[in-house]
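J.: Residue numbers (this note's numbering): 447 to 807. A single structure is presented below for examination.
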Amino acid sequence: MSTDKQAMDRKKLAPIEYVGLCMVALSVVVLLFFQEGFAGIYDAMFNRAFQIFGFYLFDRNLGAAIVVSVMTGRILERLGFTDALMRLFVPLMKYIKVNSAIVVGVIYNILGDVNAAGRIAAPVVMKAGCTKDEQKIALATLCQAPCSFSIIVFGIMALTYAKVSVFPVIIVGLILPIFVVPLFLRLFWRDTKAVDITDLPRFTPTTSPMDTIFGAAREGAQLVFLFIVPAGVVIFSLIGALEHFGVWQPISGILNSFLGAVGIEPESGVLTIITSNTLAMSTLAKTLQEGTVILPKLVVGSFVLANSAFPIQVPFGQIPAVWSPILDLTEGECMKAAVLGCIIRVVYAILCAFLLTPLVS
447 MSTDKQAMDR
457 KKLAPIEYVG
467 LCMVALSVVV
477 LLFFQEGFAG
487 IYDAMFNRAF
497 QIFGFYLFDR
507 NLGAAIVVSV
517 MTGRILERLG
527 FTDALMRLFV
537 PLMKYIKVNS
547 AIVVGVIYNI
557 LGDVNAAGRI
567 AAPVVMKAGC
577 TKDEQKIALA
587 TLCQAPCSFS
597 IIVFGIMALT
607 YAKVSVFPVI
617 IVGLILPIFV
627 VPLFLRLFWR
637 DTKAVDITDL
647 PRFTPTTSPM
657 DTIFGAAREG
667 AQLVFLFIVP
677 AGVVIFSLIG
687 ALEHFGVWQP
697 ISGILNSFLG
707 AVGIEPESGV
717 LTIITSNTLA
727 MSTLAKTLQE
737 GTVILPKLVV
747 GSFVLANSAF
757 PIQVPFGQIP
767 AVWSPILDLT
777 EGECMKAAVL
787 GCIIRVVYAI
797 LCAFLLTPLV
807 S
């Protein structure tokens, strides 16, 4: 039975109810006078969102690649790979004065997939006792590595066709940021501490071989259907709505002009940011193979940008969805750290395009 005070409070309109009433009124107006426009918005959002299903389940079947990458990552973990990383990086990270567990995600990302890295690295980060600032550094550093190994392969092909020396670009573009980015981020996130190997537990699980393989396969499938596809649908639906109103086309044009001006090949740059890094690098490699002349500067910039946590649904959707349930961070904090990591990657790609290219081409 409600009290008089509760009854009076219930009679009052809450601020969100004003918003709801406005939405009801707007819906009635749209249904009465703008039915075709409403149907057009819905179709635009649906058609864009359906591309995610094409990417992950049908046309490119990236979902199967993610399942395989999770299985690969879990098998590597079971074979002592994570503990081996700790042995290598604990001494190195002492100089930066951060917990060496922050690099686990970026290493697994290079070897496998950004989502698999989250499933494997996030528990390691927590088990190693990383502070909240170190967790943010781990996410921002994760964004400096490619979302799949295929990006590196296609990127190497593009660099080769453009007659760019591959080895220095790999060292500067992929390896160096693992150390430089945490060092830089310590200026802002200062609650960090170096650890000794004796302060860390062992990270190799003791599951049986069959449990490892089938458990990882189930985990990968759950990741695709419950986290990645829904996050991608949200982002692509919004893009579809913007396209319907004619807003997205000018944004895309401005993005093309900006990327070309700062040393990143526009077509592959836009594909990296909006759609798929793998598609971006494969398209760039095919274009160069066909004899199209592209400035080495643009190829280097595109390669460094593609080897990151883009496209945008990853920092805005997938990373928060995969990491936040495991870390001490909220979804918003995870997203901010990931977006910052992607911004750092854009700046780093521009620097590599202008400063590295004269040395390697």
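A virtual CB, placed ideally from N, CA and C, is assigned to each residue, including glycine.
(1) How long is the line joining the alpha carbons of E689 and G699, rounded to whole angstroms?
(2) What does the alpha-carbon distance come out to for the pair G601 and S654?
(3) Under a three-way DSSP split, which group does P712 fall into?
(4) Within 8 Å, do at least three Cβ pairs link the region 610–617 to the region 738–750?
(5) Excluding the five sequence neighbours on either side, which residues of its own chain have a C-beta within less than 7 Å of the C-beta of D579, listed in chain order?
(6) Who are the Cβ neighbours of T724 in its own chain at under 7 Å, not counting the five residues just before and after it?
(7) Please state whether the Cβ-Cβ distance between L730 and V716 is less than 7 Å.
(8) Please state whether the Cβ-Cβ distance between Q581 and L775 is less than 7 Å.
(9) Taking only the alpha-carbon atoms, compute the straight-line gap between T733 and A640 and give it to the nearest angstrom.
(10) Closer than 6 Å by C-beta to L801: which residues in its own chain qualify, once you throw out the five before and the five after it? Chain order, please.
(11) Return the first residue and the last residue of the alpha helix (DSSP H) that P583 is part of.
(12) When DSSP labels each residue in this structure, what does A574 get in the three-state scheme?
(13) Do the CB positions of W694 and I685 come within less than 7 Å of each other?
(14) Taking the C-alpha atoms as reference points, what is the distance between E779 and I765?
(15) Could you tell me whether the region 514–522 touches the region 661–671, using the rule of 3 or more Cβ pairs below 8 Å?
(16) The alpha helix (DSSP H) spanning A755 covers which residue range?
T.: In terms of the structure at hand:
(1) As a first step, residue 689 is located in the sequence shown; it is residue number 243 there, counting from the start. As a first step, residue 699 is located in the sequence shown; it is residue number 253 there, counting from the start. Going from the Cα of E689 to the Cα of G699 covers about 12 Å.
(2) Start at 1 with the first residue of the sequence shown, and residue 601 comes out as number 155. Start at 1 with the first residue of the sequence shown, and residue 654 comes out as number 208. Near 37 Å, if we compare the C-alpha coordinates of S654 and G601.
(3) Working through the sequence shown from its first residue, we reach residue 712 at position 266. P712 falls in the helix class under three-state DSSP.
(4) yes
(5) Translated into the one-based positions of the sequence shown, residue 579 becomes position 133. Result list for D579: W635, R636, D637, T638, in chain order.
(6) Looking up residue 724 in the sequence shown gives position 278. Cβ neighbours of T724 beyond the five flanking positions: S594, S596, I597, F600.
(7) In the sequence shown, counting from the first residue as 1, residue 730 sits at position 284. In the sequence shown, counting from the first residue as 1, residue 716 sits at position 270. Cβ atoms of L730 and V716: not closer than 7 Å.
(8) Start at 1 with the first residue of the sequence shown, and residue 581 comes out as number 135. Start at 1 with the first residue of the sequence shown, and residue 775 comes out as number 329. Closer than 7 Å, so yes.
(9) Looking up residue 733 in the sequence shown gives position 287. Looking up residue 640 in the sequence shown gives position 194. In a straight line, the C-alpha of T733 is about 46 Å away from that of A640.
(10) For the purposes of this step, residue 801 is identified with residue 355 of the sequence shown, where counting begins at 1. Same-chain partners within the cutoff: there are none.
(11) By one-based count along the sequence shown, residue 583 stands at place 137. Note that residue 583 corresponds to Ile in the displayed sequence, not to Pro. 578–588 is the extent of the alpha helix (DSSP H) around I583.
(12) If you number the sequence shown from 1, residue 574 lands on position 128. Coil.
(13) For the purposes of this step, residue 694 is taken as the residue at position 248 of the sequence shown. For the purposes of this step, residue 685 is taken as the residue at position 239 of the sequence shown. Yes, the Cβ-Cβ distance between W694 and I685 is below 7 Å.
(14) Counted from its first residue, the sequence shown places residue 779 at position 333. Counted from its first residue, the sequence shown places residue 765 at position 319. Distance between the alpha carbons of E779 and I765: 11 Å.
(15) yes
(16) Sequence index remark: in the sequence shown, residue 755 carries index 309 (1-based). First-last for A755: undefined, no H or E at that position.
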